[in-house]
Amino acid sequence: MELTILMPCLNEALTVAASVAEARSFLARTGIEGEVLVSDNGSDDGSPELALQAGARVVYARTRGYGAALIEGIAQARGRYVIMGDCDRSYDFAHLDAFVDRLRQGDALVMGNRFAGAKLPGAMPPLHRYLGNPVLSFIGRVFFRTHIRDFHCGLRGFDREAMLGLNLVSTGMEFASEMVVKVAMARLPISEVPTTLRPDGRDRPPHLRTWRDGWRHLKFLLIFCPRWLFFYPGLVAIMLGLLGFISLLSGPFQVRHVGLGVHSFLYMSALIVLGVQWVQMAMLTQWMGALFGLVPRPGWIDRLRPWVSTEKGLLVALAGFTSGLVWSAMLLLEWRGSGFSALDPTQVMRSAIPAVTLMIVGLQIGAGSMFASALQFCWSSVAGQKSHGKT
0 MELTILMPCL NEALTVAASV AEARSFLART GIEGEVLVSD NGSDDGSPEL ALQAGARVVY
60 ARTRGYGAAL IEGIAQARGR YVIMGDCDRS YDFAHLDAFV DRLRQGDALV MGNRFAGAKL
120 PGAMPPLHRY LGNPVLSFIG RVFFRTHIRD FHCGLRGFDR EAMLGLNLVS TGMEFASEMV
180 VKVAMARLPI SEVPTTLRPD GRDRPPHLRT WRDGWRHLKF LLIFCPRWLF FYPGLVAIML
240 GLLGFISLLS GPFQVRHVGL GVHSFLYMSA LIVLGVQWVQ MAMLTQWMGA LFGLVPRPGW
300 IDRLRPWVST EKGLLVALAG FTSGLVWSAM LLLEWRGSGF SALDPTQVMR SAIPAVTLMI
360 VGLQIGAGSM FASALQFCWS SVAGQKSHGK T
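For reference, each letter of the sequence shown is one residue, going 0 to 390 in numbering that gives the first Met the number 0.
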């Protein structure tokens, strides 16, 4: 079978039969061997029965959620290609020719673009049209280096086997983002075609909750791009911290009418510590994602392997911590030499801050190196299990 037209469904009694009929009319017109599959997500208004009467095959997703319904539907689909869309009459299932053409040409994912097609009056709330979708789609393009202009269009087609290989796991509305992100990260061919968006035919509010689901989409984009979430902010923090740290190391100085002294010195130290932590978090987060099969294995792991090891990391950590400890010991000796009398707090802090910074950064690097070693052990164990499973 070539094509499955998949529709997630939760209490769509007013529109599901018409949506199924429209999809079946497309199959009849084009002569494509296909099916209409409705993945019901716990409807209690007779939607599954109406879908069956209209000629669809119905499967039931036990886990609640938009993504859960689609995951079950993709698993149960019989077609080589799947075109999915909501059965609320907002999408035009009668004219899917452009999706099928792109899929036959080898694209792994074909996205509908509601902004390039016709949007009938009342089809999209202004907040979604002018803020939510454009902003989230822009972030997705920047983070994942893809050309997709409409990240969240619900009408999309894909190669079923390619999609099953991406380990899609999101059960909520962020499933829409996960699909695009993982296709982009796997460097699979992806394209867009204009699509028509109509006002839906419901007599109730949509399942989508603007702020809640918008945040879930944004959170997903951030989590799957530790480069922007942790790495770039961490590098900026380290560079700003080092610049201020070095400038203040010899003493206070003026920036126009603003005097920067030992208190600014402390904040520069905090920036360095925070930056080192964020850079480590970026590397470890991406590695963990690869370990659990959520993202492809990043190439930088293999590129850094000849230069980085647990032992080298521990040596750097030991050097930093020992330097800070020795510096602190020198301060202690100076205090003892004064008979443990009160010292100038500004002068003491000018030495204590870099000493403590070196010790904290050293400990951070050491802990990160050991955690990376544990991840490497897990990676080797998983790889060994997979290789044994194949033999």
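Note that CB positions come from ideal geometry on N, CA and C, so glycine has one too. Because the structure is a prediction, the values reported are computed rather than measured.
Just list the residues that DSSP pairs D39 with in beta bridges. For D39, the beta-bridge partners assigned by DSSP are C8, Y59.
Residue burial classification, T145 (beta-carbon count within 10 angstroms, cutoff 16): The residue in question, T145, is buried, as its Cβ has 16 or more Cβ neighbours within 10 Å.
Could you say which of S38, P124, S263 lies nearest to L242 if we only look at CA atoms? Considering only alpha carbons, the answer is S263.
Nearest to P133 by CA position, among V294, F150, F25, is which residue? The option with the nearest alpha carbon to P133 is F150.
In angstroms with no decimal places, state the Cα-to-Cα distance between T390 and I189. Note that T390 scores a pLDDT of 48, beneath 50, so its modelled location is shaky and nothing firm can be said.
Going along the chain, which residues of its own chain have a beta-carbon closer than 6 Å to the beta-carbon of A183, five neighbours each way excluded? The residues are F143, T145.
Under three-state DSSP, which class holds P193? Here P193 sits in strand by DSSP.
Which class does Q104 belong to by DSSP, given the choice of helix, strand or coil? Here Q104 sits in coil by DSSP.
Write down the C-beta distance between L357 and S322 rounded to the nearest angstrom, noting that I regard them as a contact closer than 8 Å. At roughly 5 Å, the Cβ-Cβ gap stays under 8 Å, so L357 and S322 are in contact.
Report the residue from G361, M329, E11, G367 whose alpha carbon sits nearest the alpha carbon of V347. Cα-wise, what sits closest to V347 is M329.
Between the beta-carbon of M178 and the beta-carbon of L108, is there less than 8 Å? It is a contact, given that the beta carbons lie within the stated cut-off.
Since I82 is in the beta strand (DSSP E), which residue starts that stretch and which ends it? Here the beta strand (DSSP E) through I82 covers 80 to 83.
Identify, in the order they occur along the chain, each residue of the same chain with its Cβ nearer than 8 Å to the Cβ of F320, setting aside the five sequence neighbours on each side. Shown here for F320: same chain residues with a beta carbon closer than 8 Å to its own, the five before and five after excluded, namely L357, M358, G361, L362, G365 in chain order.
Any C-beta of chain D sitting closer than 8 Å to the C-beta of R335? Here chain D cannot be found, since the structure has a single protein chain.
Neighbourhood of A341 by C-beta, 7 Å cutoff - its chain only, sequence neighbours within 5 removed: Excluding residues up to 5 positions away in sequence, nothing lies with its Cβ nearer than 7 Å to the Cβ of A341 in the same chain.
Segment limits, beta strand (DSSP E) that includes V257: It spans 257 to 259 - the beta strand (DSSP E) in which V257 sits, taken as one unbroken run.
Sequence-distant residues of its chain with Cβ nearer than 6 Å to S268 (five each side left out): Closer than 6 Å at the Cβ level, and outside the excluded window around S268, lie I352, T356.
For A161 and C377, the rounded distance between their alpha carbons: Distance between the alpha carbons of C377 and A161 is about 26 Å.
Could you spell out where the alpha helix (DSSP H) holding D212 opens and where it closes? Per DSSP, D212 belongs to the alpha helix (DSSP H) from 209 to 222.
Put A373 into one of helix, strand or coil per three-state DSSP. The answer is helix: DSSP assigns A373 an H, G or I state.
For A115 versus R197, is the C-beta spacing smaller than 8 Å? No.
State the DSSP-derived secondary structure class of R128, mapped to helix, strand or coil. Here R128 sits in helix by DSSP.
List the endpoints of the continuous beta strand (DSSP E) containing V254. For V254, the enclosing beta strand (DSSP E) begins and ends at 252 to 254.
Own chain, CB closer than 6 Å to V37, minus 5 neighbours either side, in chain order: Taken in chain order, the residues that qualify are M6, C8, A50, A55, V57.
Assumed close pair R148, E191 - CB separation to whole angstroms, cut-off 8 Å: Right, the Cβ-Cβ distance comes to about 6 Å (below 8 Å), so this counts as a contact.
If you drop the 5 nearest sequence neighbours on each side, which residues of the same chain put their C-beta closer than 8 Å to that of V235? For V235, where only same-chain residues beyond five positions count, the Cβ hits under 8 Å are G274.
Report the three-state DSSP secondary structure of R155 (helix, strand or coil). Of the three classes helix, strand and coil, the one that applies to R155 here is strand, per DSSP.
Going by the DSSP bridge assignment, what does N112 pair with across the sheet? In the DSSP output, where bridge partners are listed per residue, N112 has P193.
Would you list the residues sitting across from G33 in a DSSP beta bridge? L2.
Is the distance from the Cβ of G292 to the Cβ of N166 below 8 Å? Taking 8 Å as the Cβ cut-off, G292 and N166 qualify as a contacting pair.
Leaving out five residues before and five after L270 in sequence, what residues of the same chain have Cβ atoms less than 6 Å from its Cβ? Its chain contains A236, L239, G240 as the residues whose beta carbon lies nearer than 6 Å to that of L270, once the 5 sequence neighbours on both sides are disregarded; these appear in chain order.
Give me, in chain order, the residues of the same chain whose beta-carbon lies closer than 6 Å to that of A175; leave out the 5 immediate sequence neighbours on both sides. Contacts found: H151.
Between which two residues does the alpha helix (DSSP H) carrying I237 extend? That run of the alpha helix (DSSP H) goes 231 to 248.
Just to confirm the assignment, what range does the alpha helix (DSSP H) spanning V168 have? Unbroken run through V168: none, as it is neither H nor E.
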